[in-house]
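To start, the structure itself, in structure tokens.
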Amino acid sequence: MNTSTIRPPAVAGSFYPGLASVLQKELAKCLALAQGKSSGAVSPEPSFSTASGELLKALIVPHAGYIYSGSTAGRAYALLAPLAARIRRVILLGPCHRVSVRGLAVPTVSAFATPLGSVTLDRASIDALADLPQIVASDAAHAQEHSLEVQLPFLQTVLGQFQLVPLAVGQASADEVAEVIERLWGGPETLIVVSSDLSHFHDYQEANAIDRATAKQILALEQLTSFEQACGALPINGLIAMARRRGLRIERIAQCNSGDTAGDKARVVGYASFALYQPVSDYDSLGSALLVRARNAIAAHLGQPTHAEAPHPALAQPGATFVTLTRNGALRGCIGSLEAHRPLDQDVRANAVAAASRDPRFPPLTVADLPNTRVEVSLLTKPVPMNFTDEADALRQLRPNVDGVILIAGQRRSTFLPQVWEQLPEPRQFLAHLKQKAGLPADWWSPEVQLQRYEVQKWKEASSP
Numbered sequence: 006m007n008t009s010t011i012r013p014p015a016v017a018g019s020f021y022p023g024l025a026s027v028l029q030k031e032l033a034k035c036l037a038l039a040q041g042k043s044s045g046a047v048s049p050e051p052s053f054s055t056a057s058g059e060l061l062k063a064l065i066v067p068h069a070g071y072i073y074s075g076s077t078a079g080r081a082y083a084l085l086a087p088l089a090a091r092i093r094r095v096i097l098l099g100p101c102h103r104v105s106v107r108g109l110a111v112p113t114v115s116a117f118a119t120p121l122g123s124v125t126l127d128r129a130s131i132d133a134l135a136d137l138p139q140i141v142a143s144d145a146a147h148a149q150e151h152s153l154e155v156q157l158p159f160l161q162t163v164l165g166q167f168q169l170v171p172l173a174v175g176q177a178s179a180d181e182v183a184e185v186i187e188r189l190w191g192g193p194e195t196l197i198v199v200s201s202d203l204s205h206f207h208d209y210q211e212a213n214a215i216d217r218a219t220a221k222q223i224l225a226l227e228q229l230t231s232f233e234q235a236c237g238a239l240p241i242n243g244l245i246a247m248a249r250r251r252g253l254r255i256e257r258i259a260q261c262n263s264g265d266t267a268g269d270k271a272r273v274v275g276y277a278s279f280a281l282y283q284p285v286s287d288y289d290s291l292g293s294a295l296l297v298r299a300r301n302a303i304a305a306h307l308g309q310p311t312h313a314e315a316p317h318p319a320l321a322q323p324g325a326t327f328v329t330l331t332r333n334g335a336l337r338g339c340i341g342s343l344e345a346h347r348p349l350d351q352d353v354r355a356n357a358v359a360a361a362s363r364d365p366r367f368p369p370l371t372v373a374d375l376p377n378t379r380v381e382v383s384l385l386t387k388p389v390p391m392n393f394t395d396e397a398d399a400l401r402q403l404r405p406n407v408d409g410v411i412l413i414a415g416q417r418r419s420t421f422l423p424q425v426w427e428q429l430p431e432p433r434q435f436l437a438h439l440k441q442k443a444g445l446p447a448d449w450w451s452p453e454v455q456l457q458r459y460e461v462q463k464w465k466e467a468s469s470p
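Take the sequence shown: its position 169, counting from 1, is numbered 174 in the numbering used here, and each next residue is one higher.
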């Protein structure tokens with residue numbers, strides 16, 4: 006892994022200004038168009054910030070030179086300014102223009118540079134993709150690729166500090182791209198950006214007709230069928246597949262072509278920007294459904310009355326949960342599944358009863374305990390093996406407050422949920438206690454040790470009923 010190097014800017018001075026001071030002025034102009042009235046050339050639809058009950062999760066933005074498409078991109082990026090405090094990671098996908106790649110190419114460097122400074126790569130997330138067959142390591146695919154680079158100054162300006170996962174998309178199916186996006190989806194801290202222009206080199210009227218039809222397909226979340234529609238059709242299709250799967254809403258922010266901005270109208274390139282919103286209500290309703298089922302399972306186990314249960318479509322799908330019980334703030338039981346092997350509804354009920362009655366660290370929960378017991382449910386992503394050379398390397402890769410970790414040493418096995426970072430915030434301390442939980446000395450290490458990591462969505466009762 007080439008983690009000590011930085012990819013230098015390849016198109017600064019051509020696609021966008023190479024001097025930081027000039028670049029900052031250009032970006033300010035592009036972003037200011039979102040606050041006021043643009044030139045008559047750009048014809049955006051009315052746009053708005055994240056609506057109540059929705060989370061801005063993804064953008065589709067163009068990647069031409071700023072004089073051509075900067076105003077269209079700027080309208081989308083301006084939506085991020087109020088969200089800078091929550092967005093800490095950006096998944097950036099764009100098409101390969103210069104190097105042929107089968108699959109999705111990741112770089113081996115540690116950062117990408119622009120005239121505004123360096124953006125740190127989320128090496129842990131990138132390395133966690135290595136088990137996917139469509140992922141290839143290729144610095145060559147990134148070295149001269151402009152589709153990703155031109156987005157970085159916008160992101161640096163509106164977000165400040167963030168970590169980046171750059172993916173140069175070559176020949177890959179929508180399902181292959183969607184699988185990678187799914188792996189990296191994360192929570193509110195993660196933004197997905199797809200970089201793509203629309204039609205290329207038609208006359209003005211023909212381009213407008215083609216691009217209107219393409220935008221109509223994108224707004225309907227329909228798969229694109231040709232690179233003639235968009236050079237980034239493959240990453241767009243992967244995002245569209247995920248948007249359908251997760252129930253995202255899409256809106257068009259702006260649309261134009263180079264004939265509207267800085268080019269002639271005989272041979273134009275089309276541009277559009279879109280924003281995709283994730284329903285927060287779906288997230289909350291799933292949490293409520295899991296919490297009431299966990300409590301009902303414990304109540305039924307103890308012969309007590311249960312509460313009404315609202316249906317949720319995700320409950321029929323396989324899922325892995327942990328159920329954590331606390332009483333007066335102290336742990337009272339925690340048992341769960343590390344991998345999905347039964348429907349989510351069954352899994353959360355079984356783990357709730359097990360946490361209440363079979364955690365060997367505590368006596369079984371009683372009827373008297375139940376009113377003062379608080380239930381928390383964690384929904385796990387699929388565990389991913391970590392690749393490391395030694396313990397120091399493993400410690401460098403751990404992400405506090407993000408990673409749940411599984412330790413496997415022969416027949417010994419232990420796990421900590423990400424919530425444990427609240428008590429053990431330092432990686433060495435976290436791993437030492439994880440080894441002790443497996444019955445091993447805190448300073449033990451072996452070349453045969455295996456570590457896997459996962460992330461969680463978690464919900465906790467506001468108070469015990």
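Every residue, glycine too, gets a C-beta built ideally from N, C-alpha and C. Computed from a prediction, not measured in an experiment: that's the story for all the values here.
Under the three-state DSSP convention, the category residue i falls into
{"i": "residue 406", "result": "coil"}
{"i": "residue 240", "result": "helix"}
{"i": "residue 356", "result": "helix"}
{"i": "residue 366", "result": "coil"}
{"i": "residue 185", "result": "helix"}
{"i": "residue 207", "result": "strand"}
{"i": "residue 163", "result": "helix"}
{"i": "residue 105", "result": "coil"}
{"i": "residue 372", "result": "coil"}
{"i": "residue 43", "result": "Residue placement at residue 43 cannot be trusted, given a pLDDT of 41 that sits under 50; what the coordinates show is reported in the next sentence. Residue state, collapsed to three classes: coil."}
{"i": "residue 228", "result": "coil"}
{"i": "residue 266", "result": "helix"}
{"i": "residue 5", "result": "No statement about residue 5 is possible, as the shown extent of the chain runs from 6 to 470 and does not include it."}
Boundaries of the alpha helix (DSSP H) in which residue i is found, first to last residue
{"i": "residue 440", "result": "432–442"}
{"i": "residue 128", "result": "128–132"}
{"i": "residue 35", "result": "25–37"}
{"i": "residue 140", "result": "Per DSSP, residue 140 belongs to no alpha helix (DSSP H); it is in the beta strand (DSSP E), 140–142."}
{"i": "residue 459", "result": "Unbroken run through residue 459 is the beta strand (DSSP E), 455–459; no alpha helix (DSSP H)."}
{"i": "residue 153", "result": "151–154"}
CA nearest to the CA of residue i, picked from the options
{"i": "residue 204", "options": "237, 87 and 294", "result": "237"}
{"i": "residue 97", "options": "58, 68, 84 and 80", "result": "68"}
{"i": "residue 384", "options": "446, 448, 222 and 326", "result": "326"}
{"i": "residue 386", "options": "358, 359 and 344", "result": "344"}
{"i": "residue 292", "options": "36, 349 and 260", "result": "349"}
{"i": "residue 479", "options": "242, 360 and 282", "result": "What is shown of the chain runs 6 to 470, which leaves residue 479 out entirely."}
{"i": "residue 457", "options": "402, 448, 463 and 302", "result": "402"}
{"i": "residue 36", "options": "80, 61, 360 and 24", "result": "80"}
{"i": "residue 376", "options": "466, 38 and 66", "result": "466"}
Euclidean distance between Cα positions of residue i and residue j
{"i": "residue 410", "j": "residue 86", "result": "33 Å"}
{"i": "residue 232", "j": "residue 84", "result": "28 Å"}
{"i": "residue 70", "j": "residue 346", "result": "49 Å"}
{"i": "residue 276", "j": "residue 183", "result": "23 Å"}
{"i": "residue 207", "j": "residue 426", "result": "55 Å"}
{"i": "residue 461", "j": "residue 273", "result": "46 Å"}
{"i": "residue 99", "j": "residue 172", "result": "7 Å"}
{"i": "residue 149", "j": "residue 117", "result": "12 Å"}
{"i": "residue 49", "j": "residue 265", "result": "Note that residue 49 scores a pLDDT of 40, beneath 50, so its modelled location is shaky; the value from the coordinates is reported in the next line. Looking at the two C-alpha atoms, the distance is approximately 12 Å."}
{"i": "residue 199", "j": "residue 412", "result": "35 Å"}
{"i": "residue 163", "j": "residue 147", "result": "23 Å"}
{"i": "residue 260", "j": "residue 185", "result": "28 Å"}
{"i": "residue 202", "j": "residue 175", "result": "16 Å"}
{"i": "residue 34", "j": "residue 159", "result": "11 Å"}
{"i": "residue 420", "j": "residue 335", "result": "19 Å"}
{"i": "residue 130", "j": "residue 189", "result": "7 Å"}
Residue j beta carbon less than 8 Å from that of residue i
{"i": "residue 194", "j": "residue 94", "result": "yes"}
{"i": "residue 143", "j": "residue 10", "result": "no"}
{"i": "residue 388", "j": "residue 432", "result": "no"}
{"i": "residue 220", "j": "residue 109", "result": "no"}
{"i": "residue 27", "j": "residue 155", "result": "no"}
{"i": "residue 271", "j": "residue 73", "result": "no"}
{"i": "residue 181", "j": "residue 234", "result": "no"}
{"i": "residue 417", "j": "residue 378", "result": "no"}
{"i": "residue 104", "j": "residue 169", "result": "no"}
{"i": "residue 302", "j": "residue 357", "result": "yes"}
{"i": "residue 255", "j": "residue 228", "result": "no"}
{"i": "residue 440", "j": "residue 449", "result": "yes"}
{"i": "residue 278", "j": "residue 77", "result": "yes"}
Delimiting residues of the beta strand (DSSP E) encompassing residue i
{"i": "residue 3", "result": "It is not possible to answer for residue 3, since the shown part of the chain is limited to 6 through 470."}
{"i": "residue 197", "result": "195–200"}
{"i": "residue 338", "result": "335–341"}
{"i": "residue 123", "result": "122–125"}
{"i": "residue 419", "result": "417–421"}
{"i": "residue 332", "result": "326–332"}
{"i": "residue 386", "result": "Premise fails: residue 386 is in no beta strand (DSSP E) and is neither H nor E."}
{"i": "residue 118", "result": "116–119"}
Below-8 Å beta-carbon distance, residue i vs any chain B residue
{"i": "residue 379", "result": "No chain B is part of this structure, which consists of one protein chain only."}
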